[in-house]
Amino acid sequence: MAERSPLPWAQLAATLDHLTGGRVLINIVSGKDHLAAYGDSDGNQADRYARTKEFMQLVRKLWTEEDVTYRGEHFSVDNSTVAPRPVVRDGRRHPRLYFGGASPAAARVAATEADVQLFWGEPLDGVAERIERLRRLSAELGREHAPLEFGLRVTTLVRDTTEQAWADAEAKVARMANGTGTIWHNPNWQAAAGQRRLLDLAARGEVLDDNLYTAPGRFGAGGAGTTWLVGSAEDVARSLRKYAELGIAHFVLSDTPYLSEIERQGNQLLPLLLG
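Residue numbers for the sequence shown follow my numbering, beginning at 1487 and rising by one.
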């Protein structure tokens, strides 16, 4: 997302926000390591996150101010005004800016510019440590926005019973192991700091906390599918509440195949979380 020009992108996002009645949520991705393959200048991690920071700063200004003039190392605009503006309601001035990343450079961007820091499915102790570190970093760097919020992006494998859930989870991993299951393909999947953190979890055990399953990452799963929360709806809801107690306020949950699993989770899991 941060590879794109901020002004037209801010206009498109604001228009979509109006069309959806203020439902747009934005996930900022800093880009790949080989930007030259996309017709852009190739840069190192520090350059990419510096550009991401400028992108987020400028987009926020364009959404909330008029006649914006901005001079940065990567982006510049003169007397720019975005129309239409994003939908404003209930204290919301613009779509939330979600952001991921586990490297020190990513943490500094999140601490000052993001609205929500998204974590993948790490154990409770790892998430607690990162939340504390980001809160401390926000204070040290003089964050100027509302306090940083936190979210969890994780695969949730829910079945009617605990036993059925684990049987299905193990069967899915077995299919991945023999090459007949769904595998996450990304040539840079092991390069990101957050991905490496998840892959390293398998050395701590196949199941962490109560029901965080690390085996998928050993057989090609990546991203939010590297670890799974497995169990009955009650099991998974109990685990998600523990994350909420740490300060997680946003949850992005899914499993595959998406259509059938979103119905299952909507019927079985969400009522327990919203009740």
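Yeah, the Cβ is synthetic: ideal placement off N, Cα and C, and Gly gets one too. Values in this document were obtained by computation on a predicted structure and should not be read as measured data.
(request) Go to valine 1644, then tell me how far its beta strand (DSSP E) extends in each direction, as first and last residue. (result) Position 158 of the sequence shown holds residue 1644. Segment 1635 to 1645, the beta strand (DSSP E) holding valine 1644.
(request) Could you check the C-alpha separation between glutamate 1626 and asparagine 1753 for me, to the nearest Å? (result) Residue mapping note: residue 1626 aligns to position 140 of the sequence shown, counting from 1. Residue mapping note: residue 1753 aligns to position 267 of the sequence shown, counting from 1. Glutamate 1626 and asparagine 1753: Cα-Cα distance of roughly 43 Å.
(request) Using only alpha-carbon positions, find the residue among Gly1612, Thr1648, Gly1507, Gln1650 that is nearest to leucine 1694. (result) Here residue 1694 corresponds to residue number 208 of the sequence shown, with the count starting at 1. Nearest to leucine 1694 by C-alpha distance, out of Gly1612, Thr1648, Gly1507, Gln1650, is Gly1612.
(message) From the DSSP secondary-structure annotation, give me the bridge partner or partners of phenylalanine 1585.
(response) Numbered from 1 along the sequence shown, position 99 holds the residue referred to as residue 1585. Its beta-bridge partners are Ile1514, Gln1603.
(request) For lysine 1547, collect the residues of the same chain with a Cβ closer than 7 Å to its Cβ; drop the 5 residues on either side in sequence, then sort them by chain order. (result) Translated into the one-based positions of the sequence shown, residue 1547 becomes position 61. Correct list, in chain order: Val1554, Tyr1556.
(request) Work out the CA separation of arginine 1704 and proline 1570 for me, nearest whole Å. (result) As a working mapping, residue 1570 is identified with position 84 in the sequence shown. As a working mapping, residue 1704 is identified with position 218 in the sequence shown. Inter-residue distance for proline 1570 and arginine 1704 is about 47 Å (C-alpha atoms, whole angstroms).
(request) Taking the CB atoms as reference points, tell me whether leucine 1715 and glutamate 1608 lie closer together than 9 Å. (result) Within the sequence shown, numbered from 1, the residue matching residue 1715 stands at position 229. Within the sequence shown, numbered from 1, the residue matching residue 1608 stands at position 122. No; because the gap between Cβ atoms is not below 9 Å, this pair is not in contact.
(request) Could you tell me if leucine 1643 is buried or exposed, where buried requires 16 or more neighbouring beta carbons within 10 angstroms of its beta carbon? (result) As a first step, residue 1643 is located in the sequence shown; it is residue number 157 there, counting from the start. Buried.
(message) Is histidine 1580 close to chain D? Criterion is C-beta to C-beta, closer than 9 Å.
(response) Given the protein chain composition of this structure (a single chain), no chain D is represented.
(message) Rounding to the nearest angstrom, what Cα-Cα distance links arginine 1683 and alanine 1596 in this structure?
(response) Residue numbering aside, residue 1683 sits at position 197 when the sequence shown is read from its first letter. Residue numbering aside, residue 1596 sits at position 110 when the sequence shown is read from its first letter. Approximately 18 Å, taken between the alpha carbons.
(message) I'd like to know if the region 1716 to 1733 and the region 1742 to 1759 are in contact, where contact means that at least 3 CB-CB pairs between them fall below 8 Å.
(response) The region 1716 to 1733, when compared against the region 1742 to 1759, does touch it at the 8 Å Cβ threshold.
(message) Classify arginine 1690: buried if its beta carbon has 16 or more other beta carbons within 10 angstroms, exposed otherwise.
(response) Here residue 1690 refers to the residue found at position 204 when the sequence shown is read from its first residue. Label assigned to arginine 1690: exposed.
(message) For leucine 1604, which residues in the same chain have their Cβ closer than 6 Å to its Cβ, ignoring the five residues on either side in sequence?
(response) If you number the sequence shown from 1, residue 1604 lands on position 118. In its chain, beyond the 5 residues on either side, Tyr1584, Gly1586, Gly1637, Arg1639 have a beta carbon closer than 6 Å to the beta carbon of leucine 1604.
(request) Return the bridge partner residues of serine 1718 from the DSSP annotation. (result) Along the sequence shown, read from residue 1 onward, the residue named residue 1718 stands at position 232. Here serine 1718 is bridged, per DSSP, to Arg1645.
(message) The alpha helix (DSSP H) that contains alanine 1678, what's its start and end?
(response) As a position in the sequence shown, residue 1678 is number 192, starting the count at 1. In the DSSP assignment, alanine 1678 falls outside any alpha helix (DSSP H) and carries neither an H nor an E.
(request) Return the CA-CA distance between threonine 1648 and alanine 1730, expressed in angstroms with no decimal places. (result) Locating residue 1648 in the sequence shown gives position 162, where the first residue counts as 1. Locating residue 1730 in the sequence shown gives position 244, where the first residue counts as 1. Threonine 1648 and alanine 1730: Cα-Cα distance of roughly 22 Å.
(request) Would you mind working out which of Arg1534, Ala1532, Val1573 sits nearest alanine 1496, comparing C-alpha positions? (result) Taking the first residue of the sequence shown as position 1, residue 1496 is located at position 10. Nearest to alanine 1496 by alpha-carbon distance, out of Arg1534, Ala1532, Val1573, is Val1573.
(message) How far does the alpha helix (DSSP H) with aspartate 1503 in it extend, from its first residue to its last?
(response) If you number the sequence shown from 1, residue 1503 lands on position 17. Per DSSP, aspartate 1503 belongs to the alpha helix (DSSP H) from 1492 to 1505.
(request) Note down the Cα distance separating serine 1589 from glycine 1680, rounded to an integer number of angstroms. (result) Looking up residue 1589 in the sequence shown gives position 103. Looking up residue 1680 in the sequence shown gives position 194. Distance between serine 1589 and glycine 1680, taken at the CA atoms: about 7 Å.
(request) Within its chain, find whatever has a CB closer than 6 Å to the CB of alanine 1663; leave out the 5 residues flanking it on each side and keep chain order. (result) Walking along the sequence shown from the start, residue 1663 turns up at place 177. Once the five neighbours on either side are set aside, the close Cβ partners of alanine 1663 are Phe1705.
(message) Please classify asparagine 1697 as buried or exposed, where buried requires at least 16 neighbouring CB atoms within 10 angstroms.
(response) The sequence position of residue 1697 within the sequence shown is 211, counting from 1. Per the 10 Å Cβ criterion, buried.
(request) Counting only the same chain and skipping the five closest in sequence on each side, list residues whose C-beta sits under 8 Å from that of alanine 1488. (result) As a first step, residue 1488 is located in the sequence shown; it is residue number 2 there, counting from the start. A caution first: alanine 1488 carries a pLDDT of 49, below 50, which makes its placement in the model unreliable, though a value can still be read off. Within the same chain, alanine 1488 has close Cβ partners Ile1514, Val1515, Ser1516, Gly1517, Arg1534, Arg1537, Thr1538, Phe1541, Met1542.
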